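Only one structure is covered here, and it is reproduced in the block below.
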Amino acid sequence: MKKWKYLTMTAVMGSALMLGACGGESAQNGNGTETNASTDAGQEASDEKLQGSVAGDGSSTVAPIIEAVVEEYAGTQPDVKVSVGVSGTGGGFEKFIAGETDFSNASRNIKDEEKAKLEEAGIDFTELALAYDGLSVVVNPENDWAQDLTVEQLQKIWIEDGTEKKWSDIDPSWPDEKIVFYSPGTDSGTYDYFDEVILDGADLVSAATLSEDDNMLVQGVAGDKNAIGFFGYAYYLENKDKLQIVKINGVEPTNETIEAGEYTPLSRPLFTYVKNSAMKDNEAAYDFIQFTLENAGDMAEAVGYVRLPEEQYTEGLKTLEGLK
Amino acid sequence: MRYIDDSVVMKRMTKRITFNKVWKTLFFLATTFALVTLAILLYRIITQGIDYLNIDFLTNFASRFADKAGIKAALVGSLWLMTVVAPVSIILGVGTAIYLEEYAKKNKINDFIRMNISNLAGVPSIVFGLLGLTIFVRMLGLGKSVLAAGFTMSLLILPVIIVAAQEAIRAVPNEQREASYGMGATKWQTILRVVLPAAIPGILTGSILALSRAIGETAPLVVLGIPVILQFLPNSFLSQFTALPMQIYDWAKRPQEAFQYVAAAGILVLMTVLLLMNSIAIFIRNKFQKRY
């Protein structure tokens, strides 16, 4: 019986100690992390080392750029705690509206209903462009017919019309085979952007396989001769050997055509939306966004996106300065 | 007169033996199917991830370069999460089980409670995530902290712990309780010194298995909006943090192929943690189990 007694005591004591540690630590350190940089940083700005926390969320397309920026930023300001979630553009705005984040990354412009909700919540925001992405339409490498599509053909392919679509429906000289569709999920900004510029509000074909994981789309298109899909330029760049890019109106997405604005309508800017009050009151947040704008071009190229023309970054920095 | 006709028996014998063999093969195939799938999965993960699994991987923060990417923030975050989940869920769970088994009278209300606890065990984890987002993150204002996520995960595994603890307490023979009362012990003394010690192996095994589930859950964390991109460790229960499954999910979604291997290495770390926890559970069971 002694053994049991000992064991129970250990278990009970163990839990008690853990709980004790729980309460103690949160009491000691809780304040330090929760207070924003405004007070601490204001006094310590002299030695240029800021403290505080910055929270963001949003698009998974923008995430690689932000991750790179956060990584670099941690090297210059190790005491600023930047945390960024990846809930998708729509999911990010939901948290932005709830006041949980200081900035929200988006792979499309903010929607009117989101603007209205932000206004209702009393949150003023500013849009800052970070980079370009060329939304890439891809087909299987064995596909030797659909290599150059017009926007009208894309609409014919992707808009739901109640029929089962075959390639020969789009152009009689193409094979009499069913088209297999792969599209990003409806919560992503990529879907929203495609919906806006190609579908023009019409419904996407219901036969499409939707996935939030772009690698699934890559695999899907790579594995089926009759497949077509679309996603961010970075996913095409990384899987060039497995996929074939489709020219849109005769233009292939490359760094040059995207930056020069020739790849239309599918090249899109990537944004971050910042909360004005956070830029004003939270020195760490301001500093981080400033750092982001200064480095976004290089970081974007490093992770497979296209930089904006330099004057757009300068303009963004000016806008940001106006918020302080 | 013979009661058994040998020829008839012999005629049926082959059929019966074949019948038996067919079932045996079927069940054997069912077992091997699961094992082979597991083996292939393990093989793939290990061959993909082993190259990236080294000390640097454990001590680096996440990075845009696959070679420099590490799992430190997620590993430490998950451990912090467990320091909240373990005490909260075990204390609440065992407390509930003691009440239901030892104190609660058999009436409609208590039956209703019991039934609902079993039902709760079947609720999808994402629902607990929504609950946590509404109550802990927003209403109580805990934010996306270790504490908020810990409470959410505790709720998620609480039903499992309660049921396991109830089973363990029920398995303690009534004679032992009666003997204890016979010696003049009070109800509380009986529970503390007779029932709980005898039930502890079962309780701990169930609890650790439940904690293993909590450490691998992703859905509730996604709903809570736990960040993935961060370069610091939590220093309090109100800190922001990230967890192993979130980090692995993020890597698996990356366009660069190398990150698929980094994700595999992350899975290996998560599996090691899980295996450690499960072996502790098995150790406790084997060491302290007592049959009556």
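Going down the list, the sequences are from chains A and B. Take the first sequence: its position 15, counting from 1, is numbered 15 in full-length UniProt numbering, and each next residue is one higher. Take the second sequence: its position 237, counting from 1, is numbered 237 in full-length UniProt numbering, and each next residue is one higher. The beta-carbon is built from N, C-alpha and C at its ideal position, and this holds for glycine as well. Since the structure is predicted, the reported quantities are computational estimates derived from the model, not experimental observations.
Whole-number beta carbon distance between residue j and residue i, since they are thought to touch under 8 Å
i: Val228(B); j: Gln240(B); result: No, Val228(B) and Gln240(B) are not in contact; Cβ-Cβ is about 11 Å, not under 8 Å.
i: Leu155(B); j: Leu224(B); result: Rounded, the Cβ-Cβ distance is 12 Å, inconsistent with contact.
i: Pro253(A); j: Asp214(A); result: With a Cβ gap of about 16 Å, Pro253(A) and Asp214(A) do not count as contacting.
i: Val137(A); j: Val246(A); result: 4 Å
i: Tyr305(A); j: Ala260(A); result: Not confirmed; about 15 Å, so no contact.
i: Met299(A); j: Ala68(A); result: 4 Å
i: Ile248(A); j: Leu270(A); result: Not confirmed; about 19 Å, so no contact.
i: Gln231(B); j: Ala74(A); result: 4 Å
i: Gly92(A); j: Ser53(A); result: That belief does not hold up - the Cβ atoms of Gly92(A) and Ser53(A) are roughly 17 Å apart, past 8 Å.
Through-space distance from residue j to residue i, alpha-carbon basis
i: Leu140(B); j: Gly85(A); result: 21 Å
i: Ala86(B); j: Ala243(B); result: 16 Å
i: Asp111(B); j: Ala97(B); result: 13 Å
i: Thr272(A); j: Asp287(A); result: 15 Å
i: Ser89(B); j: Glu175(B); result: 30 Å
i: Met271(B); j: Ile157(B); result: 19 Å
i: Leu233(B); j: Thr83(B); result: 15 Å
i: Ala168(B); j: Leu268(B); result: 32 Å
i: Pro201(B); j: Arg193(B); result: 14 Å
i: Val172(B); j: Leu276(B); result: 28 Å
i: Leu154(A); j: Gly88(A); result: 25 Å
i: Ile228(A); j: Ile126(B); result: 32 Å
i: Gly150(B); j: Asp79(A); result: 25 Å
i: Asp6(B); j: Thr31(B); result: 37 Å
i: Arg138(B); j: Pro220(B); result: 15 Å
i: Asn109(A); j: Ser207(B); result: 47 Å
i: Gly122(A); j: Arg64(B); result: 35 Å
i: Ala179(B); j: Leu130(B); result: 48 Å
i: Ala66(B); j: Ala258(B); result: 6 Å
i: Tyr217(B); j: Asp200(A); result: Looking at the sequence itself, residue 217(B) is Glu, so the reference to Tyr does not match. Answer to the nearest angstrom: the Cα atoms are 39 Å apart.
i: Arg307(A); j: Glu256(A); result: 10 Å
Residue from the options with nearest C-alpha to residue i
i: Glu212(A); options: Thr272(B), Asp250(B), Pro234(B), Trp23(B); result: Asp250(B)
i: Lys275(A); options: Glu164(A), Lys242(A), Ala285(A); result: Ala285(A)
i: Ala69(B); options: Pro234(B), Val76(B), Leu58(B); result: Leu58(B)
i: Gly189(A); options: Ile65(A), Ser107(A), Glu301(A), Val82(A); result: Ser107(A)
i: Phe128(B); options: Lys105(B), Glu102(B), Pro159(B); result: Pro159(B)
i: Glu72(A); options: Gly49(B), Ala62(B), Lys72(B), Arg177(B); result: Ala62(B)
i: Ala146(A); options: Glu119(A), Gly223(A), Trp174(A), Val197(A); result: Trp174(A)
i: Val146(B); options: Pro201(B), Val76(B), Ile45(B), Ile208(B); result: Val76(B)
i: Glu177(A); options: Asp224(A), Asp241(A), Lys81(A); result: Asp224(A)
i: Glu160(A); options: Pro172(A), Leu217(A), Asp195(A), Leu128(A); result: Asp195(A)
i: Leu293(A); options: Val70(A), Ala202(A), Ser59(A), Tyr263(A); result: Val70(A)
i: Thr101(A); options: Lys144(B), Met115(B), Asn116(B), Tyr99(B); result: Lys144(B)
i: Gly99(A); options: Ser277(A), Asp187(A), Pro309(A); result: Ser277(A)
i: Arg268(A); options: Lys95(A), Ala129(A), Ser60(A), Glu119(A); result: Ala129(A)
i: Asp241(A); options: Tyr193(A), Phe231(A), Ile198(A), Gln219(A); result: Gln219(A)
i: Ala264(B); options: Ala252(B), Gln256(B), Arg177(B); result: Ala252(B)
i: Leu92(B); options: Asn235(B), Asn60(B), Ala258(B), Ile162(B); result: Ile162(B)
Residue i (DSSP reduced to helix, strand or coil)
i: Pro220(B); result: helix
i: Val70(A); result: helix
i: Tyr132(A); result: strand
i: Gln244(A); result: strand
i: Val80(A); result: strand
i: Ser211(A); result: strand
i: Gly229(A); result: strand
i: Ala69(B); result: coil
i: Glu25(A); result: The pLDDT assigned to Glu25(A) is 38, lower than 50, so where the model puts this residue is not dependable, and the model offers no usable value.
i: Asp192(A); result: helix
i: Val228(B); result: coil
i: Leu238(B); result: coil
i: Asn105(A); result: strand
i: Gly201(A); result: coil
i: Thr319(A); result: helix
i: Ala55(A); result: strand
i: Glu127(A); result: strand
i: Val138(A); result: strand
i: Val86(A); result: coil
i: Val251(A); result: strand
i: Gly122(A); result: coil
Residue i beta carbon near the ligand FAD (any heavy atom closer than 7 Å)
i: Lys108(B); result: Inclusion of the ligand FAD in the displayed structure is not the case, the ligand content being empty and no account of it being possible.
Taking only runs that begin and end inside the segment 124-169 of chain B, name each unbroken alpha helix (DSSP H) of 4 or more residues, in chain order.
125-132
Please give the ranges of any beta strand (DSSP E) in the segment 143-188 of chain A, keeping only runs that are unbroken, at least 3 residues long and fully inside the region.
180-184
Which runs of the alpha helix (DSSP H), 4 residues or longer, sit entirely within the segment 261-312 of chain A?
276-281, 283-302
In chain order, which continuous runs of the alpha helix (DSSP H) of length 4 or greater are located wholly inside the segment 167-215 of chain B?
174-182, 187-190
Which ranges does the alpha helix (DSSP H) cover as unbroken runs of at least 4 residues, wholly within the segment 45-123 of chain B, from first to last along the chain?
55-59, 72-98, 108-120
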